[in-house]
Amino acid sequence: MTLATVYSRGKQGIQAPLVTVEAHLSNGLPSLSIVGLPEAAVKESKDRVRSALLTCHFEFPAQRITINLAPADLPKEGGRFDLAIAVTILAASGQIRQAELGRYELLGELSLSGELRPAKGALPVAVAARDCGRALILPGSNAAEAALAAGAEILAANHLLEVCGHLNGEAPLPETPSDRPSAPPVFDVDLADVHGQYQAKRALEIAAAGRHNLLMLGPPGTGKSMLAARLPTLLPALSEAEALETAAITSVSDLPLDPGRWLAPPYRAPHHTASAAALVGGGCQFSKLPRRFGNSCDNFVTTESYSPATPSLLAQGWRFCL
1 MTLATVYSRG KQGIQAPLVT VEAHLSNGLP SLSIVGLPEA AVKESKDRVR SALLTCHFEF
61 PAQRITINLA PADLPKEGGR FDLAIAVTIL AASGQIRQAE LGRYELLGEL SLSGELRPAK
121 GALPVAVAAR DCGRALILPG SNAAEAALAA GAEILAANHL LEVCGHLNGE APLPETPSDR
181 PSAPPVFDVD LADVHGQYQA KRALEIAAAG RHNLLMLGPP GTGKSMLAAR LPTLLPALSE
241 AEALETAAIT SVSDLPLDPG RWLAPPYRAP HHTASAAALV GGGCQFSKLP RRFGNSCDNF
301 VTTESYSPAT PSLLAQGWRF CL
């Protein structure tokens with residue numbers, strides 16, 4: 001066949017919309033074009049894919065190749081579609097079997113040697129693939145994060161050749177088990193370490209019990225930051241829904257995700273001079289950049305010091321979370 005289709009996932013905030021990757025081979029001068037509103041990093045994937053296929057000793061078709069990323073009105077960014085593009089080209093040129101492609105979703109960036117590199121937002125992709133009843137093939141470095149989605153079929157690979165071997169039925173990829181920690185989180189600090197400050201500690205306990213906002217006033221060096229850093233230790237572990245939402249936000253942001261502490265309420269301490277964009281996100285597409293408040297929904301944020309602009313910034317941040 002000269003036409004092949006596989007499924008992948010885009011990144012839109014903490015959502016992972018379905019992206020259908022289509023490859024068509026036709027007669028004409030050899031070329032490779034990508035359509036479907038791709039950004040610069042996606043357009044560059046044709047060079048990565050070509051080099052990866054040749055390095056893995058596949059035949060790169062000497063035909064006119066058109067790659068379509070549908071839906072066309074959804075912006076595509078990053079190298080997350082490299083693996084899907086490579087597999088569609090191989091399937092359209094008859095170098096791998098197409099029979100089982102509809103059962104899988106593919107995610108991952110390719111190196112020039114064919115190795116798979118991690119992609120942001122693996123957890124939302126795993127949840128979406130599970131809800132659609134498809135297995136997810138992704139880089140091994142994303143496997144632990146994706147396995148947090150209970151019930152998802154996660155197949156981890158480290159190289160393009162491993163993916164092709166699985167799709168051809170030659171060397172099936174092992175399923176990554178879901179290893180979700182259920183024990184309460186362990187913190188490095190404890191409120192019991194604070195000596196004295198009985199009224200302040202009582203205020204922390206009341207705020208934690210009722211999930212109230214708290215404003216601590218006092219001169220520098222009186223322990224405000226020390227007390228604030230210990231407030232999360234009083235909060236209960238996150239529920240499964242809260243933990244999944246928080247982990248998904250962390251997954252698509254620039255913060256590291258530790259699957260072993262996914263039940264711990266995150267603690268964020270933005271600087272008191274932080275702008276509104278730094279607190280609630282910004283950029284050309286607002287939903288693309290979750291920041292301090294977005295990274296702490298259902299959880300705890302503290303800011304040191306106080307300025308006349310602080311009330312309005314906090315109001316904007318809480319309005320975003322609500």
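By UniProt numbering, the letter at position 216 of the sequence shown is numbered 216, and the numbering carries on one by one without gaps.
Built from N, CA and C at the ideal position, the CB exists for glycine as well.
Out of the options, state which residue places its alpha-carbon closest to the alpha-carbon of residue i.
{"i": "Cys-164", "options": "Glu-240, Leu-214, Ala-84", "result": "Ala-84"}
{"i": "Ala-150", "options": "His-195, Glu-175, Leu-90", "result": "Glu-175"}
{"i": "Leu-29", "options": "Pro-184, Tyr-7, Gln-63", "result": "Gln-63"}
{"i": "Leu-32", "options": "Asn-68, Thr-5, Leu-123", "result": "Asn-68"}
{"i": "Phe-58", "options": "Gln-95, Ser-45, Ser-141, Arg-48", "result": "Gln-95"}
{"i": "Pro-177", "options": "Ala-144, Pro-185, Glu-205, Ala-207", "result": "Ala-144"}
{"i": "Glu-205", "options": "Leu-191, Gly-108, Leu-217, Phe-187", "result": "Leu-191"}
{"i": "Ser-253", "options": "Arg-230, Ala-278, Ala-229", "result": "Ala-278"}
{"i": "Glu-44", "options": "Ser-275, Ser-239, Ser-111", "result": "Ser-111"}
{"i": "Tyr-267", "options": "Pro-256, Glu-240, Ala-276, Leu-231", "result": "Leu-231"}
{"i": "Glu-109", "options": "Ala-274, Thr-5, Arg-9, Pro-185", "result": "Arg-9"}
{"i": "Ser-239", "options": "Pro-265, Asp-47, His-195, Gly-121", "result": "Pro-265"}
{"i": "Leu-167", "options": "Ala-207, Asp-193, Leu-101, Ala-229", "result": "Leu-101"}
If you draw a straight line from the C-alpha of residue i to the C-alpha of residue j, how long is it?
{"i": "Val-160", "j": "Leu-244", "result": "The identity of residue 160 in the sequence shown is Leu, whereas the question assumes Val. For Leu-160 and Leu-244, the distance between alpha carbons rounds to 29 angstroms."}
{"i": "Ser-99", "j": "Arg-211", "result": "The sequence given here has Ala at residue 99, not Ser. In a straight line, the C-alpha of Ala-99 is about 53 angstroms away from that of Arg-211."}
{"i": "Thr-20", "j": "Ala-269", "result": "40 angstroms"}
{"i": "Ala-119", "j": "Tyr-104", "result": "17 angstroms"}
{"i": "Pro-172", "j": "Leu-138", "result": "14 angstroms"}
{"i": "Thr-250", "j": "Asn-27", "result": "45 angstroms"}
{"i": "Pro-61", "j": "Asp-258", "result": "42 angstroms"}
{"i": "Asp-131", "j": "Leu-18", "result": "12 angstroms"}
{"i": "Glu-170", "j": "His-271", "result": "54 angstroms"}
{"i": "Thr-222", "j": "Val-189", "result": "18 angstroms"}
{"i": "Ser-141", "j": "Ala-156", "result": "8 angstroms"}
{"i": "Pro-256", "j": "Gly-121", "result": "11 angstroms"}
{"i": "Ala-203", "j": "Leu-107", "result": "47 angstroms"}
{"i": "Arg-97", "j": "Leu-90", "result": "9 angstroms"}
{"i": "Pro-220", "j": "Glu-162", "result": "58 angstroms"}
{"i": "Asp-179", "j": "Ala-229", "result": "29 angstroms"}
{"i": "Asp-193", "j": "Asn-213", "result": "23 angstroms"}
What does a CB cutoff of less than 7 angstroms around residue i pick up in its chain, not counting 5 residues either side in sequence?
{"i": "Gly-260", "result": "Pro-181"}
{"i": "Leu-37", "result": "Ala-72, Asp-73, Leu-74, Pro-75, Lys-76"}
{"i": "Ala-126", "result": "Leu-136, Ala-146, Ala-149, Ala-152, Ile-154"}
{"i": "Glu-39", "result": "Pro-75, Lys-76, Glu-77"}
{"i": "Ala-248", "result": "Ile-14, Leu-123, Pro-124"}
{"i": "Lys-224", "result": "Met-216, Gly-218"}
{"i": "Lys-46", "result": "Leu-32, Ile-34"}
Residues in its own chain within less than 6 angstroms of residue i by CB, not counting five upstream and five downstream?
{"i": "Gly-114", "result": "Ala-52, Thr-55, Cys-56, His-159, Leu-160"}
{"i": "Thr-66", "result": "His-24, Ser-33"}
{"i": "Ala-129", "result": "Glu-105, Leu-136"}
{"i": "Thr-88", "result": "Ala-4, Val-6, Val-21, Ala-23"}
{"i": "Ala-200", "result": "Leu-227"}
Would you grab the beta carbon distance between residue i and residue j for me? Rounded to a whole angstrom, and I think it's under 8 angstroms.
{"i": "Leu-3", "j": "Ala-92", "result": "6 angstroms"}
{"i": "Tyr-7", "j": "Arg-117", "result": "In fact, because the Cβ distance is near 20 angstroms, the residues do not count as touching under 8 angstroms."}
{"i": "Ala-237", "j": "Leu-263", "result": "4 angstroms"}
{"i": "Gly-197", "j": "Leu-235", "result": "The question names Gly, but residue 197 is Gln in the sequence shown. Gln-197 to Leu-235, Cβ: 19 angstroms. No contact."}
{"i": "Thr-233", "j": "Phe-187", "result": "5 angstroms"}
Looking only at its chain, what residues have a beta carbon closer than 8 angstroms to the beta carbon of residue i, apart from the 5 residues adjacent to it on each side?
{"i": "Val-42", "result": "Ile-34, Leu-69, Lys-76, Glu-77, Gly-78, Gly-79, Phe-81"}
{"i": "Pro-184", "result": "Ala-237, Leu-263"}
{"i": "Arg-48", "result": "Gly-79, Asp-82, Glu-109, Leu-110, Ser-111, Leu-112"}
{"i": "Ala-208", "result": "Leu-231, Leu-234, Leu-235"}
For the 8 angstroms Cβ check, are there 3 or more pairs between the region 6-26 and the region 52-60?
no
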